[in-house]
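Quick note on full-length UniProt numbering: the sequence shown kicks off at 1 and runs consecutively.
All C-beta atoms, glycine included, are put in the ideal place defined by N, C-alpha and C.
Fair warning: this is a prediction, and the values are worked out from it, not measured in the lab.
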Amino acid sequence: MLTDAIKDSIRDAYARVKDGLPGFRARAAQTRMIAEVAKALAQAGGAAVIEAPTGTGKSMAYLIAGTEAAKALKKKLLIATATVALQEQLVERDIPLFLKLNGREMKVALAKGRGRYLCPRNLRMASSSLAESAQMGLGLDADLALWSKPPAERDKQVLRKLTDAFDRNEWNGDMDAAPDTPGDMLRAMITTSTGGCTGRRCAYFMLCPFFAARRAAADADIIVANQDLVLSDLTLSSGEESWGGVFLPKPEETLYVFDEAHHMPGKTIDRGASEVALNFAVRQISRLGRQVHAAYSLTDKEVIGKLTLDAGDEKLQELSDALEALEKEIRQSWLPDPAETEPVYRGSLGQLPDNWVHHATLLYIASSEVQRWLTVVRRTVTEMSEGGPTQEALSRELGMAMERIDRQVRTWRAWSSDDPEHAPPLARWVTLSNDQQLVCHASAVSAGALLRSILWDNASAAVMTSATLSVGGNFRGFADAVGLPDDAVTVSLPSPFDLGAQARLEIPAISAMPDAREQHAQEVTDWLADNLDWDAGNLVLFTSRAKLERVLQRLPIDKVRKVRAQGSLGKTQLIAEHVATIEAGKGSTLFGLASFGEGLDLPGKLCETVVITQLPFAVPTDPVGATYAEWLESRGRNPFMEVAVPEATRLLIQYCGRLIRSESDRGRIVLLDRRVITRQYGSQMLKALPPFQRVIERTA
């Protein structure tokens with residue numbers, strides 16, 4: 001509970017921050033947030049959702065409350081964010097500043113997923129393989145080869161540079177801070193996944209950057225991690241009916257703060273999704289068979305996991321045959337529309353044809369048996385005392401094969417299982433790729449049930465915060481999406497800025513609606529050409545790349561020269577060029593998609609006009625969203641008003657938030673979508689927007 005002692009320590013910490021920061025301005029919203037975070041984190045099982053607009057100072061608020069509560073309760077403070085940028089800001093700036101102002105010495109660790117760290121074993125194998133590139137790596141069987149194609153000269157140069165830097169202790173193995181940027185193929189070779197890692201059995205265990213980071217996290221008082229890593233840990237079993245605490249602190253010993261929490265529902269759903277590309281899976285089983293033969297030969301075992309090699313071959317053949325049988329069944333019963341660019345078959349309410357379910361049941365049994373056997377095979381290989389390079393390569397390949405088999409097990413379990421009676425069904429669907437490969441998919445349609453079991457019912461206490469979590473102060477949609485406990489606190493804090501005086505919302509009198517694609521694109525183009533201040537800093541947001549390109553093609557060439565469009569360069573370089581151009585006194589306009597509408601910080605002259613070309617409604621054909629909408633309809637509910645409108649409103653608020661970043665900012669937001677005026681739901685969306693001055697032009 002929040003004792004007087006904790007309250008006093010929080011007040012003292014806040015006072016030191018207030019006195020120590022030059023130009024600090026006390027904000028009622030920040031002090032309210034400190035109080036709410038403290039109450040939630042100090043209570044066993046405490047839960048709170050806090051909407052804190054830009055300028056609130058939320059990171060300092062949860063640091064002040066969180067560190068004091070964690071210290072008093074002898075817990076760890078874990079801050080989970082959605083972006084690397086915020087993680088680095090916390091670790092390099094915010095947390096050191098807070099600790100310095102309070103004269104504190106606390107251990108801070110940055111924890112990332114395994115794939116963001118160098119694997120020393122794979123680095124050594126890749127480096128050694130350069131001398132044997134004619135054999136494509138180590139001179140082993142092709143199924144153990146590192147290089148999928150001969151390495152380019154640049155790959156060789158980068159590999160040598162990374163190897164030298166790591167060997168000289170000039171680089172700690174954090175891939176985000178690598179002295180040179182490896183290409184996708186090389187990066188995949190010198191990092192590893194959970195399946196490809198042999199942990200303590202690896203000869204390079206004590207040198208491993210991932211395990212060094214894990215040890216640092218175990219010893220730290222404050223851990224900063226990404227949300228994907230935290231979800232990964234929370235969904236791993238650490239014992240009988242216990243979740244989490246596998247490579248992060250145990251949930252019951254941890255106070256969680258999820259910043260950028262509007263990403264949590266989507267990330268949680270993605271975490272539980274699975275897919276199997278049927279033809280690719282068959283080819284991989286053939287490759288796996290050869291690797292298993294190598295394992296029996298290397299270990300000199302006749303029986304592994306209670307199976308002889310011949311019996312194991314039969315298990316693999318059964319799985320391969322079952323995959324081919326399902327593919328044949330799907331192709332015979334589903335004729336994709338040739339007019340569709342990305343054909344999809346989605347099971348209505350998640351229900352697939354009975355014959356498909358029958359095949360999936362057989363596949364679940366077969367893949368589960370292979371999974372159990374393969375686990376023992378791989379363990380037998382990794383436990384060898386002297387297997388040399390072949391053992392290392394084989395351990396890696398078998399581990400990655402286990403990950404692929406696990407995806408099969410999860411997919412076929414989802415396809416063959418029954419849905420709970422009173423809960424949303426799983427989404428189950430099939431896609432046909434450009435190369436005509438059938439891919440089977442399964443996913444939950446809501447994150448609520450999973451987050452309730454792994455987080456809210458498991459953590460010592462947890463707080464979620466972001467600038468946009470509610471719709472006009474109504475948290476129902478977000479609460480449902482994250483499974484928020486009924487007794488949780490929800491708070492929407494006011495903006496610290498005078499938005500009515502600082503910003504103007506304009507809705508011009510254009511006639512075309514977004515569904516008239518060509519006409520709307522032309523009117524957007526005409527408005528931009530005639531009304532945008534091309535000598536200033538601007539941000540123009542699109543909901544699709546197709547419309548962005550249509551507008552770019554139609555703009556006068558003198559305007560195009562002042563546009564920096566997302567995709568033409570990397571995001572960081574694009575923004576750097578935009579900033580440099582504005583600071584040089586010239587005009588620059590960013591054209592971007594959804595990722596430019598969230599988290600982009602362009603204060604002052606860097607962005608004086610934000611143009612939103614149309615309302616950001618989700619694509620209605622998304623199988624996950626479509627299944628959930630269908631389920632809501634089956635229960636007499638309106639998915640458009642319950643899900644689509646609130647989510648589009650939340651995104652719209654995010655996009656508007658790109659404009660005013662400080663008390664001195666001034667500018668306008670232009671919405672080129674008249675549906676907020678002509679549609680019934682429009683008034684609801686406008687009401688939820690911040691209190692900007694409004695200029696709504698009348699049409700003739």
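| Item | Value |
| --- | --- |
| C-alpha distance - G537 paired with A42, whole-angstrom precision | 45 Å |
| Other residues of its chain near S466: CB distance less than 6 Å, five sequence neighbours each side excluded | E260, A261, H262 |
| Distance between N638 and H358 (C-alpha atoms, nearest Å) | 33 Å |
| Under 8 Å between C-beta atoms of I95 and V108 | yes |
| Cβ neighbour criterion (16 or more within 10 Å) applied to D354 | exposed |
| Beta-carbon spacing of S59, L90 below 8 Å | yes |
| Backbone CA spacing between G399 and C119 [nearest angstrom] | 14 Å |
| Residue(s) in a DSSP beta bridge with Q502 | Beta-bridge pairing links Q502 to no other residue. |
| When K315, L615, F596, T341 are compared against C607, the one with the closest alpha-carbon | F596 |
| Range of the contiguous alpha helix (DSSP H) that encloses W429 | Careful: W429 lies outside any alpha helix (DSSP H), inside the beta strand (DSSP E) at 427-432. |
| Residue(s) in a DSSP beta bridge with H441 | E275, W429 |
| Contacting residues, own chain, Cβ-Cβ under 6 Å from A80 (five flanking each side not counted) | A225, Q227, V230, F258 |
| Cβ neighbour criterion (16 or more within 10 Å) applied to S683 | exposed |
| Continuous beta strand (DSSP E) stretch holding I50: start and end | 46-51 |
| Straight-line Cα distance separating L374 from residue 712 | Residue 712 lies beyond the range of the chain shown here (1 to 700); nothing can be said about it. |
| Cβ neighbour criterion (16 or more within 10 Å) applied to V463 | buried |
| Identified DSSP bridge partners for F591 | V540, A565 |
| Straight-line gap, I330 to A360 (C-alpha atoms, nearest Å) | 11 Å |
| Spatial distance of T431 from L394 (CA atoms) | 32 Å |
| Paired residues, beta bridge with D174 - DSSP | Y117 |
| Span separating the alpha-carbon of F692 from that of Q614 | 18 Å |
| Supposed close pair R694, L505 - CB separation, criterion 8 Å | 5 Å |
| Per-residue burial, E697 [other beta carbons within 10 Å of its own, 16 or more giving buried] | exposed |
| Neighbourhood of I285 by C-beta, 7 Å cutoff - its chain only, sequence neighbours within 5 removed | L316, L319, S320 |
| Cross-strand partners of F258 (DSSP beta bridge) | A80, M464 |
| Close-in-space but distant-in-sequence residues of the same chain around T254 (CB under 7 Å, 5 per side omitted) | K75, K76, L78, A459, S460 |
| Identity of the residues DSSP links to W243 by a beta bridge | S237 |
| contact_flag[the region 18-38, the region 486-495] where n(CB pairs < 8 Å) is 3 or more | yes |
| Rounded C-alpha distance that separates V676 from V645 | 11 Å |
| Within the region 325-374, ranges of the beta strand (DSSP E) (whole runs, at least 3 residues) | 344-346 |
| Straight-line gap, K306 to L234 (C-alpha atoms, nearest Å) | 33 Å |
| DSSP beta-bridge partners of T268 | DSSP output for T268 lists no bridge partner at all. |
| For V611: DSSP bridge partner residues | V540, V670 |
| Cβ-Cβ distance between V439 and E275 below 8 Å | yes |
| E92 versus D221 - alpha carbon distance | 16 Å |
| C-beta contact flag for I612 and L672 at 8 Å | yes |
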